[in-house]
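K.L.:
Be aware that the sequence shown starts at 63, since it is given in the working numbering, and climbs by one per residue. Note that beta-carbon positions come from the ideal geometry of N, C-alpha and C, so glycine has one too. Since this is a predicted model, take the numbers as computed values, not measurements. So that we are looking at the same thing, I have put the structure below in structure tokens.
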Amino acid sequence: NGEITINVASTFTANTTAGEDNEFAAGLYSTGYLLEAAPFGGGTTASVGTEISNTISPSCFLDAGFRDTPTPYTATGSPPNVTLLQATDSAIFDCNATTVDITFTDTANYTAPTGGGASNLTAQHKFQYQLNESGSFTDYPVGLSISNSNTDANGDMKVEVRSTWTPDADKLFASEYTAETTVTVTAK
């Protein structure tokens, strides 16, 4: 019939090396084609254009979360002279974005001495964090939000949280010490 059919396909593949995630960054992926058909020996040329595209939205999911059970504190000293309780836990978020927003919420609790003696044996709690194994922990207040924090080379984010109890006097009061944090990472 003198007709010709041309099928066009476009494929994007992620460039990775061994041991790395194989994923795409968030963004618009598009390929355009202009096809022309000219009769052999001359005549009228026909042309048509096409575009193939798709958008990958920014996203994160939890790759490795905090422990399923409470992380035990490591005690400095021994009863009755415990002078420090400290524990660290981490979570890894698998993201496809160059930056993320991070929010922290936390609570900390213990039963302080009431009535009788030991009135000086009160305690202070501190939460700290570090991102992508930066090498140093930073204090954070309740309700901390971090905007536009860079992800690692794979677009992922590792969050480490450290909880520390210290006494106001020379030792910690006999009590159960707990601290809880929730970390939310949002891809941008």
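#1: Using a Cβ-Cβ cut-off of 7 Å (strictly less than) and excluding sequence neighbours within five positions of S237, which residues of its own chain qualify?
#2: Quick one: which unbroken beta strand (DSSP E) runs of 3-plus residues sit fully inside the stretch 144-201? Chain order, please.
#3: Specify, as a first and last residue, the run of the beta strand (DSSP E) that V247 falls within.
#4: Which ranges does the beta strand (DSSP E) cover as unbroken runs of at least 3 residues, wholly within the stretch 76-120, from first to last along the chain?
#5: Can you give me the C-alpha to C-alpha distance between L147 and F235, rounded to a whole angstrom?
#6: Going by the CB atoms, is the gap between A153 and V245 shorter than 8 Å?
#7: By a C-beta neighbour count over all protein chains shown, 10 Å radius and 16 as the cutoff for buried, is F166 buried or exposed?
#8: Let's see if you can read the secondary structure: which residues bound the beta strand (DSSP E) around R224?
#9: Hey, how far is the Cα of S115 from the Cα of A241?
#10: According to DSSP, is A71 helix, strand or coil?
#11: Thinking C-beta only, is A88 closer than 8 Å to P134?
#12: Name the DSSP beta bridge partners of N212, please?
#13: Cβ atoms of T112 and Y91: under 8 Å apart, would you say?
#14: On a CA-only basis, which of N143, Y191 and C157 is nearest K233? Give me that one, please.
#15: By how many angstroms is the C-alpha of Q190 removed from the C-alpha of S140?
#16: Could you tell me the alpha carbon to alpha carbon distance between E65 and S109, rounded to whole angstroms?
#17: Taking all protein chains shown into account, do 16 or more other C-beta atoms lie within 10 angstroms of the C-beta of I164, making it buried, or fewer, making it exposed?
#18: A249 and N182 - do their beta-carbons sit closer together than 8 Å?
P.N.:
Short version:
#1: Y172 and T173
#2: DSSP runs (the beta strand (DSSP E)) wholly in the stretch 144-201: 146-157, 161-171 and 185-193.
#3: In the DSSP annotation of this structure, the continuous segment of the beta strand (DSSP E) that includes V247 starts and ends at T240 to A249.
#4: Taken in chain order, the unbroken stretches of beta strand (DSSP E) that lie wholly in the stretch 76-120 and span 3 residues or more are 89-99 and 108-118.
#5: 12 Å
#6: In this structure, the beta-carbon distance from V245 to A153 falls below 8 Å.
#7: buried
#8: M219 to P229
#9: S115 and A241 have their C-alpha atoms spaced approximately 47 Å apart.
#10: coil
#11: No, Cβ-Cβ distance for P134 and A88 is not below 8 Å.
#12: T161
#13: no
#14: N143
#15: 24 Å
#16: Answer to the nearest angstrom: the Cα atoms are 14 Å apart.
#17: buried
#18: no
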